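>
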Amino acid sequence: MSAMEKVTKNEFVDLVSERVMGDTKFVKVKLYGEIHNVEVEEDENILQAMFRANLDPPFSCQVGTCGTCMAKLESGNVTMDEPDALTEEDIKNGFILTCQAHPKSDDCFVNYDY
116 MSAMEKVTKN
126 EFVDLVSERV
136 MGDTKFVKVK
146 LYGEIHNVEV
156 EEDENILQAM
166 FRANLDPPFS
176 CQVGTCGTCM
186 AKLESGNVTM
196 DEPDALTEED
206 IKNGFILTCQ
216 AHPKSDDCFV
226 NYDY
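Numbered according to the working numbering, the sequence shown spans residues 116 to 229.
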């Protein structure tokens, strides 16, 4: 069996597809009364993904200290890097900073119009 027979295009494409799909989450975002489906790559936060999707969310510092990008997480799970602008009460009530939030599930619904 030659080396060409051992490596097929289908095997390579399948591995790449699994890696890409595993690294991407899909988030529904309510912004200014409209619902948007936003693809969030593993290495970006929700705010960055919204910029990439040509949306215009509220933001300022982008480091978690001002709270301008605060939204309510209606469903799903996220992790946040440095949510300094949020109180424990905010977090308990479901608020997130989109500049610090990374989705961990595909059922995330983020509401800026809370």
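Cβ coordinates follow ideal geometry from the N, Cα and C atoms, glycine included.
Note that the structure is a prediction, hence the values are computed from the model and not measured.
#1: Using the Cα positions of D199 and G179, report the straight-line distance between them to the nearest angstrom.
#2: Quick one: Cα of M195 to Cα of I150, how far?
#3: Hey, S190 and D158 are a contact pair by Cβ (cut 8 Å); roughly how many whole angstroms apart?
#4: For L162 versus C184, is the C-beta distance shorter than 7 Å?
#5: Apart from the five residues just before and just after S175, which ones in its own chain have a Cβ nearer than 8 Å to its Cβ?
According to the structure shown:
#1: 6 Å
#2: 22 Å
#3: Incorrect: roughly 23 Å between the Cβ atoms, too far for contact.
#4: C184 is positioned such that its CB atom lies closer than 7 Å to that of L162.
#5: C181, T183 and C184
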